[in-house]
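Following this note's numbering, the numbering of the sequence shown begins with 42 at its first residue and continues without gaps.
Here's the structure we're looking at; comments come further down.
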Amino acid sequence: NNGSVIGGKSFTAVAINCASKAGEWIQTKLGNHASLDIKYSSHDLVTEVDKGSERLIRNLIMTHFPHHSFLGEEGVKPGPEASTKALEDVREAEYLWIVDPIDGTTNFVHGFPFFCVSIALAHNGEVIVGVVYDPMKDELFVAEKGKGAYVHGKRMQVSKEETLRGSLVATGLPADHQYALPLNLRGIGAIAPQVRNLRIAGSAALHMAYVAAGRLSGFWEIGLNSWDLAAGALLIQESGGVVGDTLGNPYHLGVRNVVASNGIIQQELIAALAHAEANQ
Ligand code: IPD
Ligand code: CA
Ligand code: CA
Ligand code: CA
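Take a look at the structure:
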């Protein structure tokens with residue numbers, strides 16, 4: 042395998058350890074998060090728990106792999122320009138950890154039990170480990186490049202659904218109300234009437250994990266960041282699904298407008314979004 046052990050510690054073991062430690066700690070803070078900050082608008086929140094979770098993960102990773110690079114959401118200024126720049130700065134790193142310390146902060150703040158910790162490791166720009174942990178359900182989703190993806194230690198497979206008509210599909214309502222939200226609303230207008238039903242549960246990474254597990258047949262959203270997608274993308278690919286963007290390009294770390302599915306409905310999803318001009 043691709044040198045995935047340094048000093049006796051496997052990358053995947055460290056990723057799992059970080060995700061479960063952070064997830065357990067986050068859960069103890071549910072309902073009593075100390076302070077709430079608004080990042081861009083009342084739609085974009087951050088708490089001390091997001092920052093604490095990122096600190097915990099970063100410290101653990103740096104203890105094991107001090108020469109690796111690290112990109113975490115809470116270390117980056119809000120907004121697409123800052124996050125593009127932050128990714129460009131580290132994208133060429135040999136080993137890059139990409140971390141969303143809580144994906145689904147709004148849910149966490151409201152006590153709606155659908156959020157996760159998302160941790161990915163990229164090697165020369167390619168994701169080789171992806172871990173998503175849902176502390177509320179104690180569900181750990183793990184993927185290693187070329188070795189499959191697992192939940193509860195059981196190999197995952199994407200759904201076999203062949204049509205949009207029979208598919209349960211998810212999307213998100215982005216915090217960016219200027220650009221991303223209007224586009225996604227057009228997409229929703231186009232896709233909702235064509236699918237069995239639509240879910241908007243508030244965590245992109247967990248939605249991606251659910252596509253990998255076959256619980257959803259597809260997911261799309263406009264305006265996401267590398268830390269929302271990196272771990273989930275590998276989970277889906279290693280479960281036999283397809284991840285790309287709204288224009289049909291394959292997944293890479295810079296993808297923001299994601300379309301992910303079991304592969305079979307991928308073109309139908311992309312075509313529906315294109316028809317609604319919800320992909321610019
Ligand atoms: C958000 C969640 C949400 C999605 C937003 C993301 P955060 O991440 O994934 O489902 O709709 O676009 O920003 O801020 O909770 O980590
Ligand atoms: Ca956030
Ligand atoms: Ca996120
Ligand atoms: Ca987050």
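Don't be surprised by glycine CBs; every beta carbon is placed ideally from N, CA and C.
Here the structure is a predicted model, which means the values were calculated and not measured.
CA-to-CA, the gap between ASN298 and GLU262 works out to about 6 Å. The region 285 to 295 makes no contact with the region 229 to 249: fewer than 3 CB pairs, one atom from each, lie closer than 8 Å.
In terms of side-chain proximity, the C-beta atom of ALA245 is found nearer than 7 Å to a non-hydrogen atom of ligand 3. In the DSSP secondary-structure assignment, LEU239 is bridged to VAL210. Counting of Cβ neighbours within 10 angstroms places GLU135 among the exposed residues, the total staying below 16. Here PRO291 is exposed: its Cβ has fewer than 16 other Cβ atoms, across all protein chains shown, within 10 Å. Of the heavy atoms belonging to ligand 4, none sits nearer than 7 Å to the Cβ of THR287. Boundaries around PRO142 are those of the beta strand (DSSP E), 136 to 144, since no alpha helix (DSSP H) includes it.
Per DSSP, THR88 is one residue of the beta strand (DSSP E) stretching across 86 to 88. In chain order, the residues that have a beta carbon nearer than 5 Å to some heavy atom of ligand 3 are ASP141, ASP144, ASP269.
A direct Cα-Cα distance of roughly 8 Å separates GLU167 from LEU294. GLY120 places its beta carbon 8 Å or farther from that of SER200. For ALA216, the closest alpha carbon among the candidates LEU265, VAL210, ALA63 is that of LEU265. In this structure, the alpha-carbon of LYS62 lies about 10 Å from that of VAL158. Nearest Cα to LEU276 within the set SER258, ALA253, SER267: ALA253.
Taking C-beta atoms as the reference points, LEU71 and PHE149 count as a pair closer than 8 Å.
The residues ASP141, ASP144, CYS157, SER159, VAL173, ASP269, ALA272, GLY273, in chain order, have a CB closer than 7 Å to that of ALA246 in the same chain once the five nearest residues on each side in sequence are set aside. Counting along the chain, SER110 sits inside the beta strand (DSSP E) bounded by residues 110 to 113.
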